[in-house]
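Colleague: Provided herewith is a single structure, encoded as structure tokens, for subsequent inquiry.
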Amino acid sequence: SRRVLVTEWVRGEHLSRLSAEEGLRMTRMAVEACTASLVLTGYVHADPHEGNLMLADDGRVIFLDFGLMSVVDSQIMEAFASGIQA
Numbered sequence: 167s168r169r170v171l172v173t174e175w176v177r178g179e180h181l182s183r184l185s186a187e188e189g190l191r192m193t194r195m196a197v198e199a200c201t202a203s204l205v206l207t208g209y210v211h212a213d214p215h216e217g218n219l220m221l222a223d224d225g226r227v228i229f230l231d232f233g234l235m236s237v238v239d240s241q242i243m244e245a246f247a248s249g250i251q252a
């Protein structure tokens, strides 16, 4: 098959186990990542709740459970990009 499902064990902490400062940092990174994904690729994680996000031991944000993804129409991508540039 040309399609392969790959999983990887990741180490990190969920939002509920982070300090307020770390949680805010993770949330900002997640918003930035979702925005970049929408504007640059048109694909977005459609279920980015706190159970699907972790802060990696090395400080990166980790998205989990890609079972729900959305494709954004190019006109919407362009309008969103124009809106955040204003």
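All letters in the sequence shown, in the order written, are residues 167 to 252 by our numbering. Cβ coordinates follow ideal geometry from the N, Cα and C atoms, glycine included.
Report yes or no: do three or more beta-carbon pairs, one from the region 181-200 and one from the region 215-232, lie closer than 8 Å?
Modeller: yes
Colleague: Are the region 190-209 and the region 233-245 touching, with three or more C-beta to C-beta distances below 8 Å?
Modeller: yes
Colleague: Along the alpha helix (DSSP H) that carries Gly189, what are the first and last residues, could you check?
Modeller: Reading the sequence shown from its first residue, position 23 is the one you call residue 189. Its alpha helix (DSSP H) spans residues Ala186 to Thr207.
Colleague: So, is Met192 buried or exposed, given that buried needs 16 or more other C-beta atoms within 10 angstroms?
Modeller: Taking the first residue of the sequence shown as position 1, residue 192 is located at position 26. Flag for Met192 reads buried.
Colleague: Between the Cα of Leu234 and the Cα atoms of Val210, Val170 and Ser248, which residue gives the shortest distance?
Modeller: For the purposes of this step, residue 234 is taken as residue 68 along the sequence shown, with counting starting at 1. The candidate whose alpha carbon is nearest that of Leu234 is Val210.
Colleague: Please confirm whether Arg168 has its beta-carbon closer than 9 Å to some beta-carbon of chain D.
Modeller: This model lacks chain D altogether, as it is built from one protein chain only.
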